[in-house]
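In the working numbering, the protein residues as written are 461 to 1126. Comments concern the structure below.
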């Protein structure tokens, strides 16, 4: 054990792209104790360094790449990194979470975060190795897709040790507001439009090849926790007789059960090991979890004969190998051979995740799995967020169906539900920003503004961000996070299901305990208990994103994947779970303060009426379900110590979290 080993590096790098200057800054221990690393460190620096009212695509915006406090300490499932910046989609706080291999490379290069400001005159990339940082000419890389560019960079900088690369494709270069950032040839930091920010700065890539050591306070204890969890993951698996064809029945049973009861989160791990997120392809449709037909349909529109094509067994038949992000013992990813689907144009690809399958499947009534392989690959290479792109194409189809746009507008494309050829053509046009694709390339909110008429009726979003593929009419707490989080529309922040799997009440004094009988009756009511659950979700997610941890580890249960114990072993702090949750509250409040400072009215992030069930859907498993979302948002704000009518953090809360002193605001 060592008192000077804390898990974090204690230094960040600032890069001014306008001048080509670099500056290291030592970070005080108190900053980590107050905000952790990762998203908290990002919020601390961006709040203090981005001028109020900065143009998200201008030189004053900052783009950060931040690692997690636990990454590289010997902990497992802690290899996540985040891109952070002012979002061009929402105009407020933006962050995007990604796995892959970049997180440890940030720390091995000598930093916990790398922050860019300014705009380079010509395309550049940042290269960092043990000799320090330098900006390199990216002219030959500009115009290349993300996979091509990464392969070129690895060839240049591979050496004896493989570098880690974060890179944009054509979508980021063309400043599509739904562009993300690619790592490890298709792992995507897809949300918040931060690929557009990177493109606006003429920053093609970040290439990290440092070999520095990552230290921890008590590595022996960390390795003990790691072995305990790794053994649990290793020892759980599905019986061989369990097939993907059984998942729709399991989904039906879940829907019939109605109320959510406490679960052992390890139950989720066998499905993640076998299929990854694609188990939801067919599991979520009968329960109503998976949105259909631009959030307005149900399995009556996309029945079994349609969605059986999305059986996850059909995808893993193509899987050549499992894919593990750095330090992951679960391995939910996979690399598939798709050469026959693409006529040899593309060979291997990261398998499409559930979000992509549903965004380009049920949401569009598209039955062709082969088309989804192809779209997944071109979107990954272009660096375009598939959640936003699928929602946007669904919007366009509904506009076409209702006569809001015509074949003349779409340049002859027959945008009808399930028209696979038209869907592929439109996806390609969005990537290249050609014709009608240019209208859609910035997501549904701007597309609706450009089209006008009654198109906003079909533009499903929350605060400008298209929602992830899980329906709040099934899980209303999910709707709170869609609407009340500083980064709206995000399905990974919290949900009633996540809460039940995590079992936070076993650790946190104020987290509501769930009875074994469940809570069938009140999940559609804006109660204090519901509000506290959503607050707890938000706080623990901030801790997770400050640690570099993965959502799938967290929902395997905090008694199994011991996040709080990991943090204490890495830092030597000896904080209680309640004290860590207070750090999470500080991080979340600072992100909300960023939005308030940028002039955002928090109620404007309220999710679209359709996904709140207003009016309620008339058929299917979600028939008659309505979420009292405004009352739920107010309860969430109140229990956070924010004004329940406006969503603005109260002065006493800001003072109580010591934010004025920590941010040098006094």
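Note that the Cβ used here is the ideal one computed from N, Cα and C, for glycine as well.
Output the boundary residues of the beta strand (DSSP E) element that contains residue 797. For residue 797, the enclosing beta strand (DSSP E) starts and ends at 793 to 797.
Roughly how many angstroms lie between the CA atoms of residue 1083 and residue 1077, to the nearest whole one? Taking the straight line joining both Cα atoms gives about 5 Å.
CA-to-CA distance, residue 1052 to residue 507, given in whole angstroms: Between the alpha carbons of residue 507 and residue 1052 lies a gap of roughly 10 Å.
With burial defined as no fewer than 16 other Cβ atoms inside 10 Å of the residue's Cβ, what is the status of residue 1126: buried or exposed? Because the pLDDT of residue 1126 is 48, which lies under 50, any placement of that residue in the model is unreliable, and the question is left without a value.
Three-state class that DSSP yields for residue 429 in the structure shown: Only positions 461 to 1126 of the chain appear in the structure, and residue 429 is not among them; the question remains open.
Can you list, in chain order, the residues of its chain with a C-beta nearer than 8 Å to that of residue 1119? Leave out the 5 residues immediately preceding and following it. Within the same chain, residue 1119 has close Cβ partners 1046, 1049, 1050, 1053 and 1125.
Residue range of the unbroken alpha helix (DSSP H) whose run includes residue 938: Counting along the chain, the alpha helix (DSSP H) containing residue 938 begins and ends at 936 to 944.
DSSP beta-bridge partners of residue 486: Residue 486 is bridged by DSSP to 471.
Return helix, strand or coil for residue 626, following the three-state DSSP convention. The DSSP-derived three-state label of residue 626 is strand.
Counting pairs of Cβ atoms below 8 Å between the region 688 to 701 and the region 1017 to 1030, do you hit three or more? The region 688 to 701, when compared against the region 1017 to 1030, does touch it at the 8 Å Cβ threshold.
For residue 930, name the three-state secondary structure that DSSP assigns. It is coil, neither helix nor strand.
Taking DSSP as the reference, what is the three-state secondary structure of residue 594? Strand.
If I'm right that residue 643 touches residue 561 with Cβ under 8 Å, what's the distance once you round it to whole angstroms? 7 Å between Cβ atoms; contact.
From 568, 467 and 764, pick the residue whose C-alpha is nearest to that of residue 623; which is it? That would be 568, whose Cα lies nearest to the Cα of residue 623.
Note down the Cα distance separating residue 677 from residue 894, rounded to an integer number of angstroms. Between the C-alpha atoms of residue 677 and residue 894 there is a straight-line separation of about 54 Å.
Which listed residue (1027, 484, 1074 and 824) has its alpha carbon closest to that of residue 465: For the residues 1027, 484, 1074 and 824, the minimum Cα distance to residue 465 belongs to 1027.
Give the straight-line distance between the Cα atoms of residue 706 and residue 713, rounded to the nearest whole angstrom. Cα to Cα, the separation comes out at about 11 Å.
Contact check, residue 891 vs residue 631 under 8 Å by CB: the rounded distance? In this structure residue 891 touches residue 631 by the C-beta definition: roughly 6 Å separates them, less than 8 Å.
Backbone secondary structure at residue 465 - three-state DSSP: Coil at residue 465, not helix or strand.
Taking residue 702 as the reference, give the member of 656, 772, 497 and 671 with the closest Cα. Per the C-alpha coordinates, the member of 656, 772, 497 and 671 positioned closest to residue 702 is 772.
Smallest Cα separation from residue 614: which of 1069, 680, 639 and 645? Nearest neighbour of residue 614 by Cα position, chosen from 1069, 680, 639 and 645, turns out to be 645.
Secondary structure at residue 1126, three-state DSSP: helix, strand or coil? Its pLDDT being 48, under 50, residue 1126 is placed unreliably in this model, and the coordinates cannot settle the point.
Once DSSP output is grouped into helix, strand and coil, what is the label at residue 453? Lying before the first or after the last residue shown, residue 453 is absent from the chain, which here runs from 461 to 1126.
Candidates 982, 959, 593 and 915: which alpha carbon is nearest residue 973's? Checking every option, the nearest Cα to that of residue 973 belongs to 959.
At the level of alpha carbons, what is the spacing between residue 698 and residue 741? So the two alpha carbons sit approximately 18 Å from each other.
Where does residue 815 land, buried or exposed, given buried means 16+ other C-beta within 10 angstroms? Classification of residue 815: buried, given that the 10 Å Cβ count is 16 or more.
Label residue 837 either buried or exposed according to how many other C-beta atoms from any shown protein chain fall within 10 Å of its C-beta, with 16 as the threshold for buried. Buried, by the Cβ-count rule.
Quick one: grab the DSSP three-state call for residue 880. If DSSP states are grouped into helix, strand and coil, residue 880 belongs with the helices.
Buried or exposed, going by whether 16 or more other CB atoms sit within 10 Å of the CB of residue 1067? Residue 1067 comes out buried.
How is residue 1097 classed by DSSP in three states: helix, strand or coil? Three-state result, residue 1097: helix.
Buried or exposed: residue 949, going by 16 or more other Cβ atoms within 10 Å of its Cβ? With 16 or more neighbouring CB atoms inside 10 Å of its own CB, residue 949 falls in the buried class.
Looking at residue 660 and residue 1006, is the spacing between their C-beta atoms short of 8 Å? For residue 1006 and residue 660, no; Cβs fall outside 8 Å.
Write down every uninterrupted run of the alpha helix (DSSP H) in the region 820 to 878 whose length is 4 residues or greater and which is fully enclosed by it, in chain order. For the alpha helix (DSSP H) assignment, the uninterrupted runs of no fewer than 4 residues enclosed by the region 820 to 878 are, from N- to C-terminal side, 829 to 842 and 846 to 861.
For the ligand ATP, is there a heavy atom less than 7 Å away from the beta-carbon of residue 915? For the structure depicted, the ligand ATP is absent and the ligand set is empty, with no information on it obtainable.
Am I right that residue 938 and residue 877 are in contact with their C-beta atoms under 8 Å? What's the rounded C-beta distance? Rounded to whole angstroms, the Cβ separation of residue 938 and residue 877 is 25 Å, and the two are not in contact under 8 Å.
Does the region 924 to 939 come within contact of the region 832 to 852, defined as at least 3 CB pairs closer than 8 Å? Output reads yes: the region 832 to 852 touches the region 924 to 939.
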